[in-house]
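Everything on this sheet refers to the single structure shown next.
Numbering (the UniProt record's numbering), first residue to last: 1 to 193.
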């Protein structure tokens with residue numbers, strides 16, 4: 001009887017101790033509720049979480065899909081600029097009340113100017129104004145392709161990252177036709193490409 005009472009007392013003390021640690025960790029460093037901005041480093045739509053690189057100090061903070069403000073399917077795109085509040089969670093800093101800053105749903109059409117397969121990146125020329133945008137292979141994985149081909153016509157979202165304008169969420173418009181059209185087009189000297 002005495003040992004079971006002692007065991008019960010120890011278990012209760014452990015619960016109180018854990019609660020105290022959890023309470024203390026939520027106010028550690030006075031970060032709770034501080035507003036910050038950053039760029040989405042990576043976000044797994046399958047797992048529903050990712051990481052944001054803070055503008056204020058360059059450190060990463062955890063972000064969960066439930067902390068993204070808005071309705072409907074809640075996700076973030078790599079390279080998006082977001083505004084959020086920083087909180088100390090049980091496992092570390094967390095970004096909550098996330099709002100996308102400069103992301104628009106405007107899709108653009110462009111042509112793959114160059115793609116270096118072994119490096120995993122390239123450039124897309126936007127049709128509307130001829131501007132070149134950086135594209136990384138991570139932005140095309142959902143298409144089932146490992147790389148893009150020069151001359152391929154694509155649709156994409158443009159985001160501003162710390163490296164400048166980038167093409168994200170790439171969609172292939174017409175792989176075969178776009179390559180053939182590019183080959184049959186004439187350059188400024190009247191010569192076929």
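Just so it is clear, CB atoms sit at the ideal spot from N, CA and C, and this is done for glycine as well.
These numbers come from a predicted model, not from an experiment.
TODO: For the beta strand (DSSP E) containing residue 37, list its first residue and its last residue.
DONE: 34-44
TODO: Could you spell out the range, first to last residue, of the beta strand (DSSP E) harbouring residue 83?
DONE: 81-88
TODO: Might you give, ordered along the chain, the residues of its own chain that have their beta carbon closer than 8 Å to the beta carbon of residue 44, omitting 5 neighbours on each side?
DONE: 50
TODO: Verify whether the separation of the beta carbon atoms of residue 111 and residue 166 is less than 8 Å.
DONE: no
Open item on the list: What does the Cβ neighbour count give for residue 38, buried or exposed, with the cut at 16 atoms within 10 Å?
Closed with: buried
Task: Start-to-end residues for the beta strand (DSSP E) that takes in residue 166 - done: 164-174
Open item on the list: Between which two residues does the beta strand (DSSP E) holding residue 60 run?
Closed with: 60-64
Open item on the list: Alpha carbons only, please: which of 32, 63, 82 and 114 is nearest the one belonging to residue 159?
Closed with: 82
Open item on the list: In this structure, how does DSSP classify residue 114 when only helix, strand and coil are distinguished?
Closed with: strand
TODO: Kindly indicate which three-state DSSP category residue 74 falls into: helix, strand or coil?
DONE: coil
Task: Alpha-carbon spacing of residue 131 relative to residue 125, whole angstroms - done: 6 Å
Open item on the list: Give me the residue from 48, 57 and 155 with the minimum Cα distance to residue 108.
Closed with: 155
TODO: Within the same chain, show all residues whose beta-carbon is closer than 8 Å to that of residue 3, passing over the 5 residues directly before and after it, in chain order.
DONE: none
Task: Per-residue burial, residue 140 [other beta carbons within 10 Å of its own, 16 or more giving buried] - done: buried
Task: Own chain partners of residue 95 with C-beta closer than 6 Å, once the 5 adjacent residues on each side are dropped - done: 52, 61, 63 and 84
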